[in-house]
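Residue numbers (UniProt numbering): 1 to 338.
Glycine is no exception: its CB is placed at the ideal position from the N, C-alpha and C atoms.
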Ligand SMILES: [Zn+2]
Ligand SMILES: [Zn+2]
């Protein structure tokens with residue numbers, strides 16, 4: 001089978017590997033679609049203590065083609081979405097219900113072979129049967145699962161207003177999810193006009209193109225600020241500016257992945273005096289079922305977020321899309337092995 005393998009930092013090879021053997025309690029999936037995300041880029045760059053060689057890809061959907069001994073409820077031929085987080089179930093964090101902080105953390109496409117491959121093996125408990133979705137749509141179960149977890153952390157109040165920085169695939173999922181849980185109006189900020197137009201069609205109440213007058217424009221729109229301020233950019237200067245847009249009692253959710261060594265300046269007095277909350281959210285924690293429910297009911301739309309579907313051989317193009325002509329407008333890139 002063909003697989004994309006990071007052999008050392010910034011070195012990606014397409015290799016012909018033997019298909020993985022299915023073990024007890026496992027299923028083997030013929031990959032239908034795997035989403036490319038920023039984490040893959042970090043792994044490609046050699047961050048996240050990547051143990052190389054590694055087949056990356058953790059946003060995986062495909063058809064079960066082999067079922068190992070002892071697997072219940074899953075059958076060959078079923079379309080499944082995979083939760084990449086493999087938790088030990090026995091450590092201090094797992095016993096507290098914090099699977100994504102498992103002290104023996106493993107994850108498909110991060111510490112074990114992932115989905116940029118024709119086949120992948122996963123524990124049966126990580127595979128969720130999917131109905132009425134394509135593999136391309138089901139590949140969003142993981143990123144949307146992260147968004148669900150973010151909202152469980154955030155607990156936005158019904159009828160409030162929200163501000164989202166970033167109208168990339170994750171920002172657009174976040175915006176739709178905020179609306180789905182009862183936020184009344186979401187304002188989206190991004191530098192790219194086309195992305196803002198898409199945000200509008202997906203339900204944004206208002207969009208603002210970021211520029212030198214951004215803070216005045218947002219203040220004009222909401223003089224008292226936003227109940228929820230969140231970002232899907234990972235840009236420290238964006239995070240630093242977030243408290244100024246929060247209403248009294250507001251909640252700030254840091255969702256994007258900032259550089260590990262970045263720091264920002266935030267006024268503790270401002271947090272104190274205006275009853276602000278700053279909330280972090282890491283990965284996903286058993287939230288694939290909710291994500292699939294949103295996908296299956298159409299409450300969250302993902303088809304418009306898919307800009308490219310590429311073969312494994314073109315993974316490098318997806319990882320370095322910013323440098324490739326024709327990829328500038330890329331939103332979600334899916335690798336489609338066959
Ligand atoms: Zn991801
Ligand atoms: Zn554990």
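Residue j beta carbon less than 8 Å from that of residue i
i	j	result
residue 147	residue 173	yes
residue 256	residue 275	no
residue 139	residue 29	no
residue 63	residue 77	yes
residue 228	residue 156	yes
residue 27	residue 68	yes
residue 98	residue 2	no
residue 169	residue 332	yes
residue 315	residue 116	yes
residue 121	residue 114	no
Spatial distance of residue i from residue j (CA atoms)
i	j	result
residue 65	residue 136	18 Å
residue 45	residue 232	20 Å
residue 151	residue 287	11 Å
residue 41	residue 110	11 Å
residue 195	residue 48	29 Å
residue 95	residue 282	18 Å
residue 205	residue 37	27 Å
residue 217	residue 265	22 Å
residue 160	residue 294	21 Å
residue 268	residue 237	17 Å
residue 213	residue 171	21 Å
N-terminal and C-terminal residue of the beta strand (DSSP E) that residue i is part of
i	result
residue 13	11–16
residue 165	161–165
residue 277	277–280
residue 309	306–310
residue 7	2–8
residue 231	226–231
residue 32	26–35
residue 82	79–82
residue 54	Taken as a continuous stretch (DSSP letters only), residue 54 belongs to no beta strand (DSSP E), as it is neither H nor E.
residue 170	Taken as a continuous stretch (DSSP letters only), residue 170 belongs to no beta strand (DSSP E), being part of the alpha helix (DSSP H) at 169–180.
residue 123	119–123
residue 206	206–209
Spatially closest choice to residue i from the options, by CA coordinates
i	options	result
residue 240	165, 16, 118	165
residue 197	72, 167, 252, 180	167
residue 89	73, 74, 78, 106	106
residue 72	123, 293, 317	123
residue 313	334, 301, 296, 295	334
residue 55	20, 229, 128, 132	20
residue 188	9, 125, 208, 170	208
residue 298	177, 169, 58	177
residue 82	133, 50, 67, 141	141
residue 270	258, 289, 247, 261	247
residue 70	97, 35, 50, 24	24
residue 261	267, 268, 235	235
residue 185	211, 219, 212, 226	226
residue 219	74, 242, 113	242
residue 126	84, 114, 162	84
Spatial neighbours of residue i in its chain, beta-carbon cut-off 6 Å, leaving aside the 5 residues before and after
i	result
residue 339	Limits of the chain in this structure are 1 at one end and 338 at the other, which puts residue 339 out of reach.
residue 101	93
residue 158	182
residue 319	41, 44
residue 309	334, 336
Element boundaries [alpha helix (DSSP H), containing residue i]
i	result
residue 321	Premise fails: residue 321 is in no alpha helix (DSSP H) and is neither H nor E.
residue 59	Note, residue 59: premise wrong, no alpha helix (DSSP H); beta strand (DSSP E) at 59–67.
residue 46	Residue 46 -> no alpha helix (DSSP H), and no H or E assigned at all.
residue 236	236–245
Close beta carbons around residue i, own chain, < 8 Å, minus the five adjacent residues each side
i	result
residue 279	153, 154, 251, 252, 253, 254
residue 224	247, 248
residue 203	175, 176, 179, 186
residue 290	145, 148
residue 80	27, 29, 61, 62, 63, 64, 74, 127, 128, 129, 130, 138
Any chain D beta carbon closer than 8 Å to residue i
i	result
residue 250	The displayed structure is made up of one protein chain only, and chain D is not part of it.
Cβ neighbours of residue i in the same chain (closer than 7 Å, five flanking residues each side left out)
i	result
residue 330	307, 308, 321
residue 13	5, 7
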